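Chains as they are written, first to last, in this note's numbering: chain X, -2 to 464; chain H, 110 to 415. Structure, as structure tokens:
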Amino acid sequence: MPDIKQIIVLDQMGHGFDKGNQACGIHTFKNAILSLLLASKAIDQSNFDKLSKSPDLFNTIYLAIKGIITNQSGDIDLSVPNFLDLIERFKRGEINLDAHGITKKMIDHLKLTVDGAQDITVVDSNHATQYGLGGEEYDLDTAAMIANLARRKGEYTHSFAVTQFYASFGHWMTAVLHQETTGKKSWEFMDSYKNQTHTKGPIVSKIEEVLNKSEPELQAYLIEAYDKSNVNFNLWFTEFFYFDDLTYALIEDATISVVVTGIQTTSKNIKQYCLDDNKNRNEIISNIIHRMTFMETADWLKASLGKEEIKRVKALYAITKFMLDEGAIAHIEIKEKLEPVLTRLAGIIELNNPTVTAHEGLQAPVSPELVTTEVIGTTAMTSHKLAVENAGDKTFAASHSPSDAKITKGAASQTVVAMISAVETGEPSPAPHLLNRLVNSIANIIRGLAEVVTNFIGSIGTLIGIK
Amino acid sequence: MVKKFIMHKDAKRNTIRLLIDLNKRAFPSSEILVLAENEEIKDNIKDLCLIMGSKLIKKELENEGNLFTFLESKKHFNEVLKAMQCKKTFVLLIHFAWDLLQFYTVVCDPKLQEQTTLAQLNKFLRIKESIFGNCDNNPFILEYKILTMYNEVVKLLEKIEREIVDVDAANIKLDNLLTALAEMQATAKKMHDATPFDSFIIYLNFAIKYTSSQLAEAKFKANEKSYAIGDKETIASQQKLFFIAAQEELIKIKEIRDFTIDTCQSFILGEQYSFGRPILRKLPAISLEDVYKHVSHLADSFPKLT
């Protein structure tokens, strides 16, 4: 069990913000920053104790954030992207805390730019088995950052802003990791909701699950995080793009039928889809840059990369090159933003394969395994993909359409038959209730008081009177 | 006028196949995020849950003699499901839908009623694993197992009290149950670590601790005559620890309930597993306060631990 100290902080209930507000994200923001200021010795312990319980400081931050996030009404809380954005704004001085003795100079010492070296990481459980594997775009940052910390030697302090989805809103808490020069770790935990303590163990253990991985385990974890986080990216590139097996060139004018899980079908030309549509184009540029940042933090941009890592570096290179080849002239932002990425990736590919330059003989980014496994919400059907599917076991989504309701053959067919039969014609048997006999205390039995509580029927309240 | 709820057969079957496929591939979260943007799929999953849940609610209410509250209960369950449809909690809905589908298939199997002991139930699930899939991480099934085990212990305890069971045989059975309970405890702990705010999982942890204390009582009763004073004190101390641990779980449920109310969350996380009905509904008393008083009373009956 990790060593975790609960720090008592300002309770979010009370202080004028207690009526239905979801302000725990803002409390977490405050507590995470204060912990870093304490660790950097910008404030001392007594200041920390005062500020972490100060309604005035909270109100200042609350009002400043309310001024920044204007698309929410009434009481507000933070989404993960909001939180990440606010960290950077804070660094730039957009949330002024001078009145509370927290100056811009103090903040300058903190690493708050989300670039893989920052002092705060947001972790979102997302019902994923491990932090960083939730499939959200920001999970890339989480995974790369925790892996980075797992590899980091020596003394450091790092704040984790932890969000657990909770009903349709959520709850935020702060976990602060202190690593000593010897590598020994200790934790502090803060929960603004009544300073409750019961979640600290599971949350810190889940972070430590990644921190305690061996190097090979970390490598596998990073690959998993990369693949899990990029469903849209895969759909746009590994699904929509089809590169010739020999030349690795894009098949010109490929038209893609996009089947959105049995609901609608549309046809798009690859170039139209990726370049002409403003929203798609900007999102693709941003995704490419984000993956580059991930690779940087995950230590993938170096020589002697593993087979799996280099495969993904090459895929990113191919996609970046496609965007530049096809769109740089018409869209200046593609040239400005993606040319440095392409150059960097080409250098890494060359480093890992010195006999072949990146521009020659680039491997196709699409492997059949990726094509067949990364399909469910949206399925792109190319002739290549169809061939792959016909050759092997289909996933449900790949074969899914409204008219395709028959029970399929294969490994899962018994399950399908049983489950459909249960839902359509089954009659559930009643599940057990606890038998109406409660537990006796052995102490009472020893004292000869046991039999009174057996065969208890009715209100337990009457039972409580028994002494 | 009551609006008739109909789910098209094809939609039903496709949704079942979708859930089977997602389970087979360990619920790929990024794909689930894509599904979360598809209104038709979201509605189909909710509707499928409502169909199964309604039948189970009806069965529960029939047994409780409360069938007149069926429409109200169903409406509340529908509200919980609707709240879970939002993007942030859709992944929860998917996991829940799979758990419910798997559980529903299990409880519709006519052979289930024949499995009256935990060992029989475990064997049944193992034999049918190729049909049901692995049920080890299903909270519904875990609850079913815990309650089956509790009832089994109570029946054995009654036999011990009536002296119609051999002490050695009783001890072997109790030791086997203790081993099985330890396995269930490890599963429940893992579930809690994954979702510490889930009140249903906390209730399962409570039920395990409460069953542990019942096991301790049975063990004590079986061996009362042969136990030395030291043995009696040891087992009594163990039981007290179970009561204290059970109390702690109830406090956690209360904290989550208070948090939900204080922060206006749309439903108590975990409530979906009781179909929006009280989480403790399968205990002789459903009020959290009453159950807490009961367990506290038991814990307080011991001399203070030093």
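Just so it is clear, CB atoms sit at the ideal spot from N, CA and C, and this is done for glycine as well. Owing to the predicted nature of the structure, the values given are computational and were not obtained by experimental measurement.
In whole angstroms, what is the alpha-carbon distance linking Asp367 of chain H and Tyr401 of chain H? 15 Å
List, in order along the chain, the chain H residues whose C-beta lies closer than 8 Å to that of Thr196 of chain X? Pro305, Phe306
Hey, could you find the ends of the beta strand (DSSP E) Val119 of chain X is sitting in? 117 to 121
Chain H within 8 Å of Gly131 of chain X, Cβ atoms only: yes
In the DSSP assignment, what residue or residues form a beta bridge with His155 of chain X? X:Leu174
Closest by C-alpha distance to Ile296 of chain X, when choosing among X:Ser49, X:Leu60, X:Ile143: Residue identity check: residue 296 of chain X is Asp in the sequence provided, not Ile. Nearest option by C-alpha distance: X:Ile143.
Run down chain X in chain order and give the residues with a C-beta less than 7 Å from the C-beta of Lys164 of chain H. Pro425
Backbone secondary structure at Lys101 of chain X - three-state DSSP: helix
By the 8 Å beta-carbon criterion, what residues does the region 173 to 199 of chain H contribute toward chain X? Ala192, Met193, Cys195, Lys197, Thr198
What are the residues in the region 198 to 214 of chain H lying within 9 Å of chain X by C-beta distance? Thr198, Val200, Leu201, Ile203, His204, Leu210, Gln211, Phe212, Tyr213, Thr214
Interface flag, Ile129 of chain H vs chain X, CB-CB below 8 Å: yes
For the alpha helix (DSSP H) containing Trp297 of chain X, list its first residue and its last residue. Premise fails: Trp297 of chain X is in no alpha helix (DSSP H) and is neither H nor E.
Within the 8 Å Cβ cut-off, does Pro393 of chain H reach chain X? yes
Members of the region 249 to 266 of chain H that neighbour chain X once the beta carbon cut-off is set at 7 Å: Tyr253, Leu256, Thr257, Tyr259, Asn260, Val263
Mind listing the chain X neighbours of Tyr319 of chain H? Cutoff is C-beta to C-beta under 9 Å, in chain order. Leu431, Leu435, Val436
Under 8 Å between C-beta atoms of Val413 of chain X and Ile125 of chain H: yes
Tell me Trp184 of chain X's beta-bridge partners as DSSP assigns them. X:Ile1, X:Leu174
State the start and end residues of the unbroken alpha helix (DSSP H) segment that holds His117 of chain H. Looking at the DSSP string, His117 of chain H is not in any alpha helix (DSSP H), and its letter there is neither H nor E.
Does Asp302 of chain H get closer than 8 Å to chain X when you measure Cβ to Cβ? yes
Quick test of your reading: Met161 of chain H and Tyr213 of chain H, contact by CB under 8 Å. State the CB separation rounded to the nearest angstrom. 4 Å
Taking the C-alpha atoms as reference points, what is the distance between Leu435 of chain X and Gln323 of chain H? 8 Å
What separation, rounded to the nearest whole angstrom, lies between the Cα atoms of Val474 of chain X and Glu380 of chain H? Outside the displayed range of chain X (-2 to 464) lies residue 474 of chain X, so it cannot be described from this structure.
Mind listing the chain H neighbours of Met142 of chain X? Cutoff is C-beta to C-beta under 9 Å, in chain order. Near Met142 of chain X there are no residues of chain H at all, since even the closest Cβ is about 18 Å away, more than 9 Å.
How long is the line joining the alpha carbons of Glu333 of chain H and Lys341 of chain H, rounded to whole angstroms? 8 Å
Among the residues of its own chain, which have a CB less than 6 Å from the CB of Thr154 of chain X, if the five just before and after it don't count? Ala36, His175
Please list, in chain order, all residues of the same chain as Gly113 of chain X whose beta carbon is under 7 Å from its beta carbon, the five residues on each side excluded. Ala141, Met142, Asn145, Thr290, Glu293, Thr294
Under a three-way DSSP split, which group does Phe249 of chain H fall into? helix
Kindly indicate which three-state DSSP category Glu386 of chain X falls into: helix, strand or coil? Per-residue confidence for Glu386 of chain X stands at a pLDDT of 31, beneath the threshold of 50, marking its modelled position as unreliable; no derived number is given.
Rounded C-alpha distance that separates Asp224 of chain X from Ile204 of chain X: 20 Å
Quick check: is the beta carbon of Val276 of chain H nearer than 8 Å to any beta carbon in chain X? no
Please report the distance separating the alpha-carbon of Val189 of chain H from that of Cys373 of chain H. 14 Å
So what's Lys334 of chain H in DSSP terms, helix, strand or just coil? coil
Considering just the uninterrupted stretch of the alpha helix (DSSP H) at Ser438 of chain X, what are its terminal residues? Taken as a continuous stretch (DSSP letters only), Ser438 of chain X belongs to no alpha helix (DSSP H), as it is neither H nor E.
Expected contact under 8 Å - CB spacing of Ile58 of chain X and Met187 of chain X to nearest Å: The Cβ separation is near 15 Å, so there is no contact.
Just how far apart, CA to CA, sit Arg309 of chain X and Lys328 of chain H? 59 Å
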